[in-house]
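**Q** First the structure, which I've put down as structure tokens, then a few questions once you've had a look.
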Amino acid sequence: MARWRLGCDVCDATATIGPAARGHDVWCESCQTAFPGVELPVAGARCSRCDATLWAVPRFVELWGELQHLDAVLSAWAGDAQPLATLLPERPRFLSDLDPPEPHSSDAPALAACITAAAHGAYRALVAMPAADVPDDPRAHAARAIAFERIGDATAAMAEWDAVLAAPDLPEAAATRAHLARGSLLARAGRYVAAVTDLELAGTSFAARWNRGALLVHEAVAASEALPDAGVLARARAEAGEASAYWSDHTIGRLLWSLMVERALAGKGHAFAALSDDARAALRAAESEFEHSTFWDRAMMLVGWVRLGAQEEAARIAVPLARHAAAGLLDEPALHGEPLVDVARAVVEARTAMDMGEPGEARHALAPAFAREDLRRFRMPCASCGKGTIGIEESLDAEGSDEAE
Ligand SMILES: [Zn+2]
Ligand SMILES: [Zn+2]
Numbered sequence: 541m542a543r544w545r546l547g548c549d550v551c552d553a554t555a556t557i558g559p560a561a562r563g564h565d566v567w568c569e570s571c572q573t574a575f576p577g578v579e580l581p582v583a584g585a586r587c588s589r590c591d592a593t594l595w596a597v598p599r600f601v602e603l604w605g606e607l608q609h610l611d612a613v614l615s616a617w618a619g620d621a622q623p624l625a626t627l628l629p630e631r632p633r634f635l636s637d638l639d640p641p642e643p644h645s646s647d648a649p650a651l652a653a654c655i656t657a658a659a660h661g662a663y664r665a666l667v668a669m670p671a672a673d674v675p676d677d678p679r680a681h682a683a684r685a686i687a688f689e690r691i692g693d694a695t696a697a698m699a700e701w702d703a704v705l706a707a708p709d710l711p712e713a714a715a716t717r718a719h720l721a722r723g724s725l726l727a728r729a730g731r732y733v734a735a736v737t738d739l740e741l742a743g744t745s746f747a748a749r750w751n752r753g754a755l756l757v758h759e760a761v762a763a764s765e766a767l768p769d770a771g772v773l774a775r776a777r778a779e780a781g782e783a784s785a786y787w788s789d790h791t792i793g794r795l796l797w798s799l800m801v802e803r804a805l806a807g808k809g810h811a812f813a814a815l816s817d818d819a820r821a822a823l824r825a826a827e828s829e830f831e832h833s834t835f836w837d838r839a840m841m842l843v844g845w846v847r848l849g850a851q852e853e854a855a856r857i858a859v860p861l862a863r864h865a866a867a868g869l870l871d872e873p874a875l876h877g878e879p880l881v882d883v884a885r886a887v888v889e890a891r892t893a894m895d896m897g898e899p900g901e902a903r904h905a906l907a908p909a910f911a912r913e914d915l916r917r918f919r920m921p922c923a924s925c926g927k928g929t930i931g932i933e934e935s936l937d938a939e940g941s942d943e944a945e
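One point on numbering: in our numbering, the residue at position 14 of the sequence shown is 554, and numbering is uninterrupted.
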């Protein structure tokens, strides 16, 4: 567990948060009182001075991010998905293995040079090499394939993987990896039939299994506007393995949604055309295929509906999401204290506008809080001097802290 040292940039107010020699040092973000050596568990503990919730970790550093989430949801609700879309992670749809090939001590200098260049990220030099100078060795071709893919030349990368796979007596591990890499490139290029053949030979790594599952979803969405049948999705999930809970990983449900939104967008013909009833029904069914219901999952749904111009569907997702975000902010102990009373007031005002169905007004109410420089820099006003701001001065590993003596 980590420890944090907080400090004011004007006065000498300071506090620590984290495991101590005895118990846990906590700091009330509401009244800014330090409580050294509180007995764990602190979750649910309350400040004896102001009754705010005490946390074992600093929370005020998240305030600006929380305001940003709420603002972006409100913007989407009002019809502009861009602020929320930019918060969503780029999730790779097909995975690959672009680790450079292993060098061998017996490698000839030209081969060793290719492998070293790939290992050092010298991709431009590697692809600029005249083809005649490239040793005809599968590891040299693999190094070049990686370099081509890294600079975004998928066609040249595929040709190099072809050369790897044409080598006589190719070790099995090298063949498996080449099939994975080429299959992934083919799948990204929409060449699904060829991709299937490669991915069948790509082994049982996480990437290979995910790619096979993802490919099934791509094929199904390309074939029909309707929700793919349950059997296809079950096979895709069985291939891909347990759905990752990590916010920026793809899952079969997240991928399905993204692909169906793209398909519906393409199917609309022009931007202001109404979404067909069939496409709308299929997308509503696809909402149930999400494995998780995190902020990020619901934000994906919201962005999709807004992009499709289905504002009433967008509102159906946005309203509870915005309410949840506002409630989360109002639960923050820092917003219960005097120094951030304006921020708390702005969130309450925004919530009132939300209740009236006015996302634009809500966003307007939130704007001064969202524009605050201190929160943006992960700091909050210091109650001791009333002039400076408190922030994390240092984070330490518990082991490395002076409390360990
Ligand atoms: Zn101060
Ligand atoms: Zn307190």
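Even glycine gets a Cβ: it sits at the ideal position worked out from N, Cα and C. Here the structure is a predicted model, which is why all the values come from computation and not from measurement.
#1: Does the beta-carbon of Pro629 have 16 or more other beta-carbons within 10 angstroms, so that it is buried, or is it exposed?
#2: Does the separation of the CB atoms of Ala657 and Ala648 fall below 8 Å?
#3: For Phe600, count the other beta carbons within 10 Å of its own beta carbon; 16 or more makes it buried, fewer makes it exposed. Which is it?
#4: Only counting the same chain, and skipping five residues up and downstream in sequence, which positions put a Cβ closer than 6 Å to that of Leu705?
#5: Tell me whether Cys551 sits in a helix, a strand or coil according to DSSP, three-state version.
#6: Do Ala822 and Leu755 have their CB atoms nearer than 8 Å?
#7: Determine the direct distance from the alpha carbon of Met669 to that of Gly619, and round the result to whole angstroms.
#8: Taking 8 Å as the threshold (C-beta atoms), are Arg820 and Ala780 in contact?
#9: Run the CB neighbour count on Tyr712, radius 10 Å, all protein chains shown included, and call it buried at 16 or more, exposed below.
#10: With the cut-off set at 8 Å, would you say Pro640 and Ala683 are in Cβ contact?
#11: Any heavy atom of ligand 1 inside 7 Å of the beta-carbon of Gly491?
#12: Exposed or buried, what is Gly877 when buried is set at 16 or more other beta-carbons lying within 10 Å of its beta-carbon?
#13: Quick test of the definition: if touching needs 3 or more C-beta pairs under 8 Å, does the region 566–574 touch the region 550–558?
#14: Using a Cβ-based criterion (distance less than 7 Å to any ligand heavy atom), does Ala553 qualify as near ligand 1?
#15: Quick one: any contact between the region 903–921 and the region 872–891, if contact means 3 or more CB pairs under 8 Å?
#16: Report the CB separation of Met894 from Ala862 in whole angstroms; it is logged as a contact under 8 Å.
#17: Going by DSSP, which residues form a beta bridge with Phe575?
#18: Using only CA atoms, which one of Ser764, Gly723 and Ala694 lies nearest to Gly753?
#19: Does the Cβ of Thr593 lie closer than 7 Å to at least one heavy atom of ligand 2?
#20: Please state whether DSSP places Ala737 in a helix, a strand or coil.
#21: Can we count Cys590 as close to ligand 2, meaning its CB is less than 7 Å from some heavy atom?
#22: Any chance the CB of Cys568 is under 7 Å from a heavy atom of ligand 1?
#23: On the criterion of 16 or more Cβ atoms from any shown chain inside 10 Å, does Gln572 qualify as buried, or is it exposed?
#24: Just to confirm the assignment: which complete alpha helix (DSSP H) runs, minimum length 4, are found wholly within the region 610–649?
#25: Starting from the C-beta of Ser615, find all residues in its chain whose C-beta is less than 7 Å away, skip the five residues before and the five after it, and write them out in chain order.
#26: Using DSSP with H/G/I as helix, E/B as strand and the rest coil, what is Asp789?
#27: Classify Pro708: buried if its beta carbon has 16 or more other beta carbons within 10 angstroms, exposed otherwise.
#28: Given the structure, does Cys922 come close to ligand 2, in the sense that its CB is under 7 Å from one of the ligand's heavy atoms?
#29: Could you check if Cys571 belongs to the surroundings of ligand 1, using beta carbon to heavy atom distance under 7 Å?
#30: Mark Ile691 as exposed unless 16 or more other C-beta atoms lie within 10 angstroms of its C-beta, in which case mark it buried.
#31: Looking at Cys587 and ligand 2, is the gap between the Cβ and the nearest heavy atom below 7 Å?
#32: Going by the C-beta, is Val761 closer than 7 Å to any heavy atom of ligand 1?
**A** With the given structure in hand:
#1: Position 89 of the sequence shown, counted from the first residue, corresponds to residue 629. Exposed, because fewer than 16 other Cβ atoms sit within 10 Å of the Cβ of Pro629.
#2: Taking the first residue of the sequence shown as position 1, residue 657 is located at position 117. Taking the first residue of the sequence shown as position 1, residue 648 is located at position 108. Contact flag unset, no.
#3: On the sequence shown, residue 600 is found 60 positions in, with the first residue counted as 1. Buried: at least 16 other Cβ atoms inside 10 Å.
#4: By one-based count along the sequence shown, residue 705 stands at place 165. Result list for Leu705: Ala718, in chain order.
#5: Within the sequence shown, residue 551 is the residue found at index 11, counting from 1. Residue state, collapsed to three classes: coil.
#6: Start at 1 with the first residue of the sequence shown, and residue 822 comes out as number 282. Start at 1 with the first residue of the sequence shown, and residue 755 comes out as number 215. No, the pair does not count as a contact, with Cβ atoms beyond the cut-off.
#7: Indexing the sequence shown from 1 puts residue 619 at position 79. Indexing the sequence shown from 1 puts residue 669 at position 129. Each residue's Cα considered, the two are about 50 Å apart.
#8: Position 240 of the sequence shown, counted from the first residue, corresponds to residue 780. Position 280 of the sequence shown, counted from the first residue, corresponds to residue 820. Going by C-beta atoms, Ala780 is not nearer than 8 Å to Arg820.
#9: The residue labelled residue 712 in the question sits at position 172 within the sequence shown. A quick correction: the sequence has Glu, not Tyr, at residue 712. Per the 10 Å Cβ criterion, exposed.
#10: Here residue 640 is taken as the residue at index 100 of the sequence shown, counted from 1. Here residue 683 is taken as the residue at index 143 of the sequence shown, counted from 1. Yes, they are a contact pair.
#11: No answer is possible for residue 491: the residues shown for the chain start at 541 and end at 945.
#12: The residue you call residue 877 lines up with position 337 of the sequence shown. Label assigned to Gly877: buried.
#13: yes
#14: Locating residue 553 in the sequence shown gives position 13, counting from the first residue. Yes, since a heavy atom of ligand 1 falls inside the 7 Å radius drawn around the Cβ of Ala553.
#15: yes
#16: What you label residue 894 is simply residue 354 of the sequence shown in a count that begins at 1. What you label residue 862 is simply residue 322 of the sequence shown in a count that begins at 1. Contact flag correct, Cβ pair sits at about 6 Å.
#17: As a first step, residue 575 is located in the sequence shown; it is residue number 35 there, counting from the start. DSSP lists Val566 as partners of Phe575.
#18: Sequence index remark: in the sequence shown, residue 753 carries index 213 (1-based). The candidate whose alpha carbon is nearest that of Gly753 is Gly723.
#19: On the sequence shown, residue 593 is found 53 positions in, with the first residue counted as 1. Checking the Cβ of Thr593 against ligand 2 gives no.
#20: Here residue 737 refers to the residue found at position 197 when the sequence shown is read from its first residue. In the sequence under discussion, the amino acid at residue 737 is Thr, which differs from the Ala named in the question. Residue state, collapsed to three classes: helix.
#21: To locate residue 590, count along the sequence shown from 1; it is residue 50. Yes, Cβ of Cys590 sits closer than 7 Å to a heavy atom of ligand 2.
#22: For the purposes of this step, residue 568 is identified with residue 28 of the sequence shown, where counting begins at 1. No; taking the cut-off as 7 Å, the Cβ of Cys568 has no heavy atom of ligand 1 nearer than that.
#23: As a working note, residue 572 is residue 32 in the sequence shown. Buried is the call here.
#24: 622–627
#25: Along the sequence shown, read from residue 1 onward, the residue named residue 615 stands at position 75. Closer than 7 Å at Cβ, skipping near neighbours: Pro623, Leu624 and Arg903.
#26: Numbered from 1 along the sequence shown, position 249 holds the residue referred to as residue 789. It is coil, neither helix nor strand.
#27: The residue labelled residue 708 in the question sits at position 168 within the sequence shown. It counts as exposed.
#28: Indexing the sequence shown from 1 puts residue 922 at position 382. No, since every heavy atom of ligand 2 falls outside the 7 Å radius drawn around the Cβ of Cys922.
#29: The residue you call residue 571 lines up with position 31 of the sequence shown. Flag unset: Cβ of Cys571 not near ligand 1.
#30: Within the sequence shown, the letter at position 151 stands for residue 691. Exposed, since its Cβ has fewer than 16 Cβ neighbours within 10 Å.
#31: Here residue 587 is taken as the residue at index 47 of the sequence shown, counted from 1. Within the cutoff, so yes.
#32: By one-based count along the sequence shown, residue 761 stands at place 221. Every heavy atom of ligand 1 is 7 Å or more from the Cβ of Val761, so no.
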